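Using the numbering used here, read the sequence shown as starting at 721 and increasing by one per residue.
Think of the CB as a built atom: it goes at the ideal place given N, C-alpha and C, for glycine as much as any other residue.
Small disclaimer: the values here were computed from a predicted structure and weren't measured.
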Amino acid sequence: MSIPKINKQIKLYEEAEEPYISKGAGYEIPDRIMGKDNVVLAGHDYPELLEDLDQIEMGDKMFVLENNQVFMFEVNSIFKAEEKNVHDLKQIRENQKEPMLTVYTCFGGQNTPIRTVVQAKLVNQEMYQPDNQAMKELFSIKTN
């Protein structure tokens, strides 16, 4: 996953559990399909991961490279959620009729009850083009 606004390229893992979320972000609901469902990703607020997620603004772009497809999402919702509030958690994890990406992390340090939640709608999907320099840079893919 690439989030240019905060200059992050984050590896995605199949599960949103340790040790994966200490190294990247994990799929919280593994059976969701990128580009068709609300795909929910969770990760720690470590400096090298999602610590700066609260700096995202409406309209910012997030990109996911999966199965040789580049999915471009545009942020359309940003909010804080209480971890223990069942309604908030349901809202975060609920599947939508439109394809979207939901990314969340702790707000204010580890083990806090507040989550920063960023949701984004799918605006483009295209094949990954290995010769496209912009795509290589977006995902920090080196050719040498």
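**Message:** So, under 8 Å CB-CB, G779 and G763 are touching, yes? Tell me the CB distance rounded to an integer number of Å.
**Reply:** For this step, residue 779 is matched to residue 59 along the sequence shown. For this step, residue 763 is matched to residue 43 along the sequence shown. The C-beta separation of G779 from G763 comes to about 22 Å, leaving the pair out of contact by the 8 Å criterion.
**Prompt:** Applying the criterion that 16 or more other CB atoms from any shown protein chain within 10 Å of the CB defines a buried residue, is F793 buried or exposed?
**Reply:** By 1-based counting over the sequence shown, the position of residue 793 is 73. Buried is the call here.
**Prompt:** What three-state label does DSSP hand E814 in the structure shown?
**Reply:** As a first step, residue 814 is located in the sequence shown; it is residue number 94 there, counting from the start. Residue state, collapsed to three classes: coil.
**Request:** Express the C-alpha separation of Q775 and M855 in angstroms, rounding to a whole number.
**Result:** Position 135 of the sequence shown holds residue 855. Position 55 of the sequence shown holds residue 775. The straight-line gap from Cα to Cα measures roughly 23 Å.
**Request:** List in chain order: all unbroken beta strand (DSSP E) runs of 3+ residues lying wholly within the segment 766 to 850.
**Result:** Here the runs fully enclosed are 781 to 786, 789 to 802, 820 to 826, 834 to 847.
**Message:** Using a Cβ-Cβ cutoff of less than 7 Å, which residues in the same chain neighbour K756 once the five nearest sequence positions on both sides are dropped?
**Reply:** Stepping through the sequence shown from its first residue, residue 756 is reached at position 36. So the list reads P819, once near-sequence residues are dropped.
**Request:** Go through its chain and collect everything with a Cβ distance to V795's Cβ below 8 Å, but skip five positions before and after it.
**Result:** Counting from one through the sequence shown, the residue named residue 795 turns up at place 75. The residues I776, E777, M778, G779, D780, K781, M782, V838, Q839, A840, in chain order, have a CB closer than 8 Å to that of V795 in the same chain once the five nearest residues on each side in sequence are set aside.
**Asked** Is G744 buried or exposed, if buried means 16 or more other CB atoms sit within 10 Å of its CB?
**Response** For the purposes of this step, residue 744 is identified with residue 24 of the sequence shown, where counting begins at 1. So G744 ends up on the buried side.
**Spatial distance of T836 from I812 (CA atoms)** = As a first step, residue 836 must be located in the sequence shown, where it is residue number 116. As a first step, residue 812 must be located in the sequence shown, where it is residue number 92. Rounded to whole angstroms, T836 to I812 spans 11 Å at the Cα level.
**Prompt:** Tell me which same chain residues have a C-beta within less than 7 Å of the C-beta of Q729, skipping the five on either side of it?
**Reply:** Working through the sequence shown from its first residue, we reach residue 729 at position 9. Only S722, F859, S860 meet the Cβ criterion.
**Request:** Might you give, ordered along the chain, the residues of its own chain that have their beta carbon closer than 8 Å to the beta carbon of T863, omitting 5 neighbours on each side?
**Result:** Position 143 of the sequence shown, counted from the start, is the residue given in the question as residue 863. Any answer about T863 is weak, because its pLDDT of 41 lies below 50 and its placement is not dependable; what the coordinates show is given next. Around T863: K856.
**Request:** Apply the 10 Å Cβ neighbour rule to D765 and answer buried if 16 or more other Cβ atoms are within range, or exposed otherwise.
**Result:** Here residue 765 refers to the residue found at position 45 of the sequence shown. With a 10 Å radius around the Cβ and a threshold of 16 neighbouring Cβ atoms, D765 comes out buried.
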